[in-house]
Structure formats: C-alpha cells, structure tokens
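>
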Amino acid sequence: MAADGGRDLITLTTDKLFADRVSESVTCPSCGAVSLFIGTTRDNFEGKKVVRLEYEAYAPMAESKLKKICSHIRTKWPSVRHINIQHRLGLVSVTEASVIIGISSPHRSDSLEALKYCIDTLKATVPIWKKEIYESGEPCWKENKECLWADGGKHPKES
33 MAADGGRDLI TLTTDKLFAD RVSESVTCPS CGAVSLFIGT TRDNFEGKKV
83 VRLEYEAYAP MAESKLKKIC SHIRTKWPSV RHINIQHRLG LVSVTEASVI
133 IGISSPHRSD SLEALKYCID TLKATVPIWK KEIYESGEPC WKENKECLWA
183 DGGKHPKES
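Going by the working numbering, the first residue of the sequence shown is number 33, and it counts up by one from there.
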C-alpha cells in the first residue's frame, strides 16, 4: 500500500490474466484515467510460426524489482493512485495476455506516462525469461531488446 492509500498490486501467476479485473482493481472515484497495457502472445517472429510462449521467473527478485518500479512511479508521478502489474508464468497460448498493467490517476497524462515507464522498465530489469515455441517444435529463449544485462549490460539506446 502506498503512503497515500494507493494500492500497488503485483502478481506473478500461471493463471490466465483478465484485463477487466486489472481495470476494476485500479479504478477509483478520484481518478479520471485508467491506463492499461496488455502484452499478448503473437503468432510469429521473424518468419517463424509461434505456437506458444513459456515464461520463467526468479519470483523473489522479480517481485522486488516490480515493487521498486512502483515506488519510482510514485516518486516521479505523485498523482498516480493505484498500480496493478500482473505477469503470466508458464505456458501462454497465442492471443493470450502475458502481461497486464493498470495504472490510475486523476488525469490521463500521468497514468499514460507511468504506464510506458512501467512496461519499459519491467522489460529492462525484471528477471522474467521468455521461451518461444515454434510450429516446427524448436524452442528459442528470447532476450528482451531492452534488457539491461543483454549485450554486456549496455542499454540498447546507448549502442
């Protein structure tokens, strides 16, 4: 719980994710904006047909990093009221959500900016790994382009 009564909800789960539940969890009477990001499994990557994704995480560290992201959001955008970050682990079929983030604030600019920061920072810093399974049966562990430990720890924007 944030100091102002706002909620920081963090969930790593093998259960299916639902956008309406995330939206409802961050909605409140004092906020005119609820911003949602829904990351879904697409059916292709570089010409290969993807049939599903598999996610793994080091949960204690992932949860700690997600809490830090929430804390930074509250420092940078103090009007943010509620934050809900849900990330799927295990098997995720094509079109299903892998990650859903909901952020509420009195006005849209803060929730939209905080949402972009949240997903970008999650991808760059949180130890959650993705394996793509292709129609051919071959698997491939994927590295987020934003990942800070990729390319010797060099951030892609610094290349």
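Every residue, glycine too, gets a C-beta built ideally from N, C-alpha and C.
Please read all numbers here as calculations on a predicted model, not as lab measurements.
Report the partner residues of Ile-115 according to the DSSP bridge assignment.
As a first step, residue 115 is located in the sequence shown; it is residue number 83 there, counting from the start. Ile-115 is bridged to Asp-40 and Ile-135.
> What is the DSSP secondary structure of Thr-153, counted as helix, strand or coil?
As a position in the sequence shown, residue 153 is number 121, starting the count at 1. Correct three-state label for Thr-153: helix.
> For Ile-70, which option in Arg-39, Leu-49 and Thr-45 has the closest C-alpha, if you only look at C-alpha atoms?
Start at 1 with the first residue of the sequence shown, and residue 70 comes out as number 38. Residue Leu-49 is the option with its Cα nearest to Ile-70.
> Can you look up Leu-121 in the DSSP assignment and give me helix, strand or coil?
Mapped onto the sequence shown, residue 121 falls at position 89. Three-state DSSP puts Leu-121 in coil, outside helix and strand.
> Just to confirm the assignment, what range does the alpha helix (DSSP H) spanning Glu-95 have?
For the purposes of this step, residue 95 is identified with residue 63 of the sequence shown, where counting begins at 1. Unbroken alpha helix (DSSP H) run through Glu-95: 91 to 108.
> List in chain order: all unbroken alpha helix (DSSP H) runs of 4+ residues lying wholly within the segment 44 to 73.
Those alpha helix (DSSP H) runs which fall completely within the segment 44 to 73 and span 4+ residues are 51 to 58.
> Please classify Arg-120: is it buried, with 16 or more other beta-carbons within 10 angstroms of its beta-carbon, or exposed?
Here residue 120 refers to the residue found at position 88 of the sequence shown. It counts as buried.
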